[in-house]
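Here's the structure, in structure tokens; my notes come after.
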Amino acid sequence: MPPLKERVAKITSRPAIAHVLRANQRFGDRLGNQFGAAITYFSVLAVVPIIMFAFSILGFILVVVAPDLRRELLDQISAALSGLDKGTTDSIISVIKNALEHFKAIGIVGLLSALYSGAGWIGNLKDAVRAQWRESFDLRVKKENFLVKNANNIVILLGLLVLIGITFGLASISTSLSGDIVEWLGLGRFGWLRPVLAFVPIIFSVGAGWLVFMYLFLVLPETREPWTAVRRGALMGAIGLGILQYLTSFLIGRFAASPTAALFGPVIALMIFLNLFARLVLFVAAWIGTAEHAAEPDFAALDDHEATEEQDTDQDTAPERQPADPRGDWSRTPGYVSQEVATRTVQLGTGAGYLTGAATGAGLGALAALALKRLTGRRSSRWSAR
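The working numbering puts the sequence shown at residues 77 to 462.
In structure tokens form, the structure reads like this:
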């Protein structure tokens, strides 16, 4: 039986496992966890403007489209606050009515803030994905203009939101209508069909996640990797996203069952999901980036190779050295200043010195005379007073 070290080496030398190990090494060496924490922070930061914009949409619906629903909503809020005194209840209702009526201002501020924070979120996600994707951590293909960069990030954000809305909407429809489709087709008598259709929402969910990851890995990186690696990486990310969604739903359900954790439990579960999702995106990017490359390039070998090439080039193209001309320009010393120029310079310096000294002396004399005059004036006034 071979020793444990040889068995581990044999297992880790397999292509699939070696690829995962290379991706894990690149993920750790290129600060994948730190980038994931930064993306999580900007994700939470972007939640507030999104809530403001969503509230403005609610205000538009309740004020313009269906004002009857607004009255019903305010009545339900008043009933829920019946345990408070009338002044506090009226104050809360007034604040809610005022906020709903000013939905335009809230919507504009929320939309602009959401676009700005969303562009920053996309920018940080782009930098993090590119750091894991490219062969060299310090290599940047090009620098973008500030305005062009933010406009590009906003376009990517809007495309991502539209794609998420469409794909997850289809997944929700497939989940809710799977049983109805069986009844419409008259297939209810086949009992085995319902368990089979239970996998349809899972397939739609994985397909939606695959489209999201494909979109991210097509628009965020600045270089291209093999199409096969991108497709497989997107599939791996979609499966991981489905598992994260299930675990998040499980955690929220567990937190909701506990009265003490019902308040902050969903927020904690959301932050955990955002952090794990960011790490998943970056790990998949590292996996795709190491499909045909090492975890880190061998800079020592590259430097030695370049130095050898430069040395050979210098030896081949270096010109033949010749002795220097003893009477060349390098042997000449600058001449002295002529006597006439030196004399004029000294005379000008002396005159300037005399003028400066005379002005200084006159000023000091005037100050001394003024001080003496004041002193004698004070003494004479004292004697006259006596």
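Here a beta-carbon is modelled for each residue, glycine too, at the ideal position from N, C-alpha and C.
Identity of the residue in the options nearest residue i by Cα
i           : options            : result
residue 234 : 205, 197, 214      : 197
residue 360 : 80, 129, 141, 95   : 95
residue 353 : 297, 81, 117       : 117
residue 172 : 138, 184, 295, 121 : 138
residue 140 : 341, 180, 303, 230 : 180
residue 231 : 182, 295, 286, 214 : 295
residue 106 : 347, 213, 220, 300 : 213
residue 108 : 351, 93, 136       : 351
residue 343 : 110, 120, 82       : 120
residue 190 : 271, 134, 82, 128  : 128
residue 307 : 363, 321, 182      : 363
residue 184 : 156, 204, 150, 136 : 136
residue 178 : 134, 228, 93, 149  : 134
residue 324 : 160, 227, 341      : 341
residue 188 : 227, 152, 151      : 227
Cβ-based burial, residue i [other Cβ within 10 Å; buried from 16]
i           : result
residue 260 : exposed
residue 358 : buried
residue 208 : buried
residue 329 : exposed
residue 124 : exposed
residue 224 : exposed
residue 193 : buried
residue 182 : buried
residue 270 : exposed
residue 195 : buried
residue 326 : exposed
residue 90  : exposed
residue 174 : exposed
residue 156 : exposed
residue 204 : buried
residue 122 : buried
residue 381 : Residue placement at residue 381 is flagged as unreliable, the pLDDT there being 47, under the threshold of 50; a coordinate-derived value is accordingly withheld.
residue 160 : exposed
Beta-carbon proximity check, residue i vs residue j, cutoff 8 Å
i           : j           : result
residue 338 : residue 345 : no
residue 62  : residue 311 : Only positions 77 to 462 of the chain appear in this structure, which leaves residue 62 out of reach.
residue 463 : residue 126 : The question about residue 463 has no answer here: the residues shown for the chain are numbered 77 through 462.
residue 146 : residue 176 : yes
residue 104 : residue 355 : no
residue 349 : residue 284 : no
residue 282 : residue 241 : no
residue 220 : residue 369 : no
Rounded distance between the beta-carbons of residue j and residue i, thought under 8 Å
i           : j           : result
residue 199 : residue 132 : Not quite, the Cβ-Cβ distance comes to about 25 Å (not below 8 Å), so this is no contact.
residue 154 : residue 169 : 6 Å
residue 366 : residue 99  : 5 Å
residue 301 : residue 206 : No, residue 301 and residue 206 are not in contact; Cβ-Cβ is about 12 Å, not under 8 Å.
residue 287 : residue 320 : So it is not a contact: roughly 16 Å between Cβ atoms.
Heavy atom of the ligand MG within 7 Å of residue i beta-carbon
i           : result
residue 315 : Among the components modelled here there is no ligand, and therefore nothing to report on the ligand MG.
Checklist entry - Counting Cβ pairs, one atom from each stretch, are 3 or more of them under 8 Å apart for the stretch 286–299 and the stretch 235–247? => result Yes: the two stretches touch, three or more of their Cβ pairs being nearer than 8 Å.
Checklist entry - Below 8 Å, can you find three or more Cβ-Cβ pairs linking the stretch 268–277 to the stretch 307–326? => result no
Checklist entry - Should the stretch 78–90 be regarded as contacting the stretch 159–171, the criterion being three or more beta carbon pairs within less than 8 Å? => result no
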